[in-house]
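Residue numbers (the working numbering), protein chains in the order written: chain A, 2 to 432; chain B, 1239 to 1416.
Just so it is clear, CB atoms sit at the ideal spot from N, CA and C, and this is done for glycine as well.
Structure, as structure tokens:
Here you go:
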């Protein structure tokens, strides 16, 4: 029986295939995934490693007898047994069919969809939408096929199930939320059965299916992208729980492994919000809701339901020099210019700023939502130009006054008692 | 429907790799009886199959479940076998039972958990005569039962004396209410 060493990084779903196969066959597998024995990006670039595995990628297998293999499916095949490979030519061919299906039909779409949510890859709406459709298509095919079958080939777990399940692992954990996966009841049944087999469990641990579709993690992407800065990240987040750190490490490494050459260039600037703990509030989702749905009946209830008062703060601002304000259209331009200069803040702030009064007698006021508990403007020179011309008052997120201000300013409807006699003229939304 | 219950007990003995026991049936209802090695007599399928599973050091624990919930579920399906499966003789009763099982098995591979248990074995034996009677249309109608049944009969060591029931993988009938 095959025995040897598997080089990989922790949490590599490709290596899982080989590891699960070894669980079924009883092959002795020594998994080497942690420094100093194996350090991704270093060990696999050494001449010694490249001599054995010219591609320089992991997982890579080195048998006790000197057999060297790369490509996860080949390693899984080698470490498996006849039952996993298919006992008749027909079964073996079907196993091959599904192993190839897993890599050519599932994997590209799975990565295109999931990697941005892990911050490994830049988000592109077109690509993500395309990937979602592609995943829907493969799940439809699988669902129909599994209607009359318990496992993919014959009545036993084979390499087909191992490969397809491992390639669907990240999608099931990250993005296939209940509403999305619900129509694919046969695939769900099969997947949950697979990952709960003792041989899978020994490798994957407990697999938790996703509750809510993960979205692009811009913060993580920014963190993961400057690859040179390896030591810095750790110091920035001393509070992170250990597990999370480990996960990040894994994702960082995955990035290095899976990264394609045509990825967008790395942004040079450092994310000023990187030090803040992750927030559950999804700014993009809120802005989409605000833009597309009715403010009073949908967007505001959504906001108050999801608002994370630890991670975000609300502010009321008024223009300090209202006597300088002249014609309404000029005031409009002032606000518009400010929004432009705050361009890079869009991911981390939202506001509706309203103009009250008439020509030669008007005032600007707005309600802002921003990341963190402090005013964000000092963080960047671009952002400092306008904010000093305004008064800023932090709003208590639990007070009735705040609820009223948020409702009036964001819906642009109401008495605006705070503005005295000046009538609402128009609003401008920063989103 | 107690025909072949002796064989069923014997096949469970074989499946579990236990030494042979003396198995007879009792009375008009053909209630199985098993004589244990110390001379005691156990009656009834549920009692006997639990006893046998407990006697098997190797397979028993997995077949009987590991948590209190699993024990309870096993007990429930043993009861279901005796009170529902074995008593469904009329066509409409059989249909109602198949419909119920079909919806139960929609999102499951085995009756409980993610591995074969005593529940699968006793329902498999109980349903075997029923499945033999079904035509392909009906097998497709009760697709989840069929899929489960096929999985269990292919499980190494389960089928034994029973003839294999044939299922087709592709849908033969495209339009029916599901």
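For residue i, the first and last residue of its enclosing alpha helix (DSSP H)
| i | result |
| --- | --- |
| residue 30/A | Taken as a continuous stretch (DSSP letters only), residue 30/A belongs to no alpha helix (DSSP H), being part of the beta strand (DSSP E) at 29-33. |
| residue 1329/B | 1329-1342 |
| residue 334/A | 329-342 |
| residue 368/A | Residue 368/A -> not in any alpha helix (DSSP H); beta strand (DSSP E) instead, spanning 362-372. |
| residue 319/A | Here residue 319/A belongs to no alpha helix (DSSP H); instead the beta strand (DSSP E) covers 313-320. |
| residue 1352/B | Careful: residue 1352/B lies outside any alpha helix (DSSP H) and carries neither H nor E. |
| residue 64/A | Unbroken run through residue 64/A is the beta strand (DSSP E), 61-64; no alpha helix (DSSP H). |
| residue 105/A | Premise fails: residue 105/A is in no alpha helix (DSSP H) and is neither H nor E. |
| residue 1366/B | 1356-1371 |
| residue 25/A | 14-26 |
| residue 195/A | 186-196 |
| residue 128/A | 126-146 |
| residue 211/A | No alpha helix (DSSP H) holds residue 211/A; DSSP gives it neither H nor E. |
| residue 1251/B | 1243-1253 |
| residue 414/A | Taken as a continuous stretch (DSSP letters only), residue 414/A belongs to no alpha helix (DSSP H), as it is neither H nor E. |
Under 8 angstroms from the C-beta of residue i: neighbouring residues of chain B
| i | result |
| --- | --- |
| residue 183/A | In chain order: nothing, as chain B lies at least about 11 angstroms away. |
| residue 156/A | 1388, 1389, 1392 and 1393 |
Beta-carbon neighbours of residue i, restricted to chain A and to distances below 7 angstroms
| i | result |
| --- | --- |
| residue 1346/B | 190 |
| residue 1352/B | 194, 197 and 198 |
Burial state of residue i, where buried means 16 or more other Cβ atoms lie within 10 Å
| i | result |
| --- | --- |
| residue 176/A | buried |
| residue 353/A | buried |
| residue 1378/B | buried |
| residue 262/A | Note that residue 262/A scores 38 on pLDDT, short of 50, meaning its location in the model is unreliable; the coordinates nonetheless yield the value given after this. It is exposed - the Cβ of residue 262/A has fewer than 16 other Cβ atoms within 10 Å. |
| residue 172/A | buried |
| residue 151/A | buried |
| residue 118/A | buried |
| residue 235/A | Any reading at residue 235/A must be qualified, since the residue scores a pLDDT of 41, below 50, and its modelled position is unreliable; no value is offered. |
| residue 1385/B | buried |
| residue 305/A | exposed |
| residue 1/A | The question about residue 1/A has no answer here: the residues shown for chain A are numbered 2 through 432. |
| residue 358/A | buried |
| residue 126/A | exposed |
| residue 3/A | buried |
| residue 326/A | buried |
| residue 254/A | The pLDDT assigned to residue 254/A is 47, lower than 50, so where the model puts this residue is not dependable; a value taken from the coordinates is nonetheless given after this. When all chains shown are included, residue 254/A counts as buried. |
| residue 317/A | buried |
| residue 69/A | exposed |
Contacts that residue i makes with chain B (C-beta to C-beta distance below 9 angstroms)
| i | result |
| --- | --- |
| residue 149/A | 1378, 1381, 1384, 1385, 1388, 1405, 1406, 1407, 1408 and 1409 |
Interface partners of residue i on chain D, CB under 8 angstroms
| i | result |
| --- | --- |
| residue 186/A | Looking at the structure shown, chain D is missing, and the protein chains on hand are A and B. |
Residue nearest to residue i in terms of C-alpha spacing, selected from the options
| i | options | result |
| --- | --- | --- |
| residue 45/A | 9/A, 173/A and 15/A | 9/A |
| residue 25/A | 198/A, 148/A and 139/A | 198/A |
| residue 75/A | 150/A, 300/A, 378/A and 161/A | 161/A |
| residue 91/A | 155/A, 115/A, 127/A and 146/A | 155/A |
| residue 164/A | 140/A, 185/A and 14/A | 14/A |
| residue 207/A | 12/A, 186/A, 311/A and 420/A | 12/A |
| residue 137/A | 5/A, 336/A and 108/A | 108/A |
| residue 1193/B | 1259/B, 1382/B and 1314/B | The requested residue 1193/B is not part of the displayed model; chain B covers only 1239 to 1416. |
| residue 129/A | 110/A, 36/A and 32/A | 110/A |
| residue 1341/B | 1381/B, 1290/B and 1274/B | 1381/B |
| residue 374/A | 309/A, 319/A, 184/A and 286/A | 309/A |
| residue 1408/B | 148/A, 69/A and 393/A | 148/A |
| residue 225/A | 159/A, 120/A, 350/A and 382/A | 120/A |
| residue 1329/B | 1267/B, 1367/B, 1397/B and 1255/B | 1367/B |
| residue 356/A | 381/A, 123/A, 413/A and 315/A | 413/A |
Endpoints, the beta strand (DSSP E) within which residue i is located
| i | result |
| --- | --- |
| residue 394/A | 391-396 |
| residue 359/A | 350-359 |
| residue 1261/B | 1260-1264 |
| residue 1269/B | 1269-1273 |
| residue 308/A | Taken as a continuous stretch (DSSP letters only), residue 308/A belongs to no beta strand (DSSP E), as it is neither H nor E. |
| residue 71/A | 69-71 |
| residue 429/A | 425-431 |
| residue 1281/B | 1279-1281 |
| residue 4/A | 4-8 |
Meets three-Cβ-pair contact criterion under 8 angstroms: the segment 194-201 of chain A and the segment 1340-1359 of chain B: yes
Are there three or more Cβ pairs, one per stretch, closer than 8 angstroms when the segment 400-411 of chain A is compared with the segment 331-341 of chain A? no
Three or more C-beta pairs under 8 angstroms: does that hold for the segment 200-220 of chain A against the segment 1364-1373 of chain B? no
For the segment 101-115 of chain A and the segment 162-172 of chain A, state whether three or more C-beta atom pairs, one from each stretch, are separated by less than 8 angstroms. yes
Specify whether the segment 421-429 of chain A and the segment 1244-1253 of chain B touch according to this definition: at least 3 beta carbon pairs, one from each stretch, less than 8 angstroms apart. no
Between the segment 1314-1323 of chain B and the segment 1273-1287 of chain B, can you find at least three pairs of beta-carbon atoms closer than 8 angstroms? yes
The segment 356-369 of chain A in contact with the segment 414-422 of chain A per 3-pair CB rule at 8 angstroms: yes
Is the segment 1331-1339 of chain B close to the segment 1288-1303 of chain B, with three or more CB pairs under 8 angstroms? no
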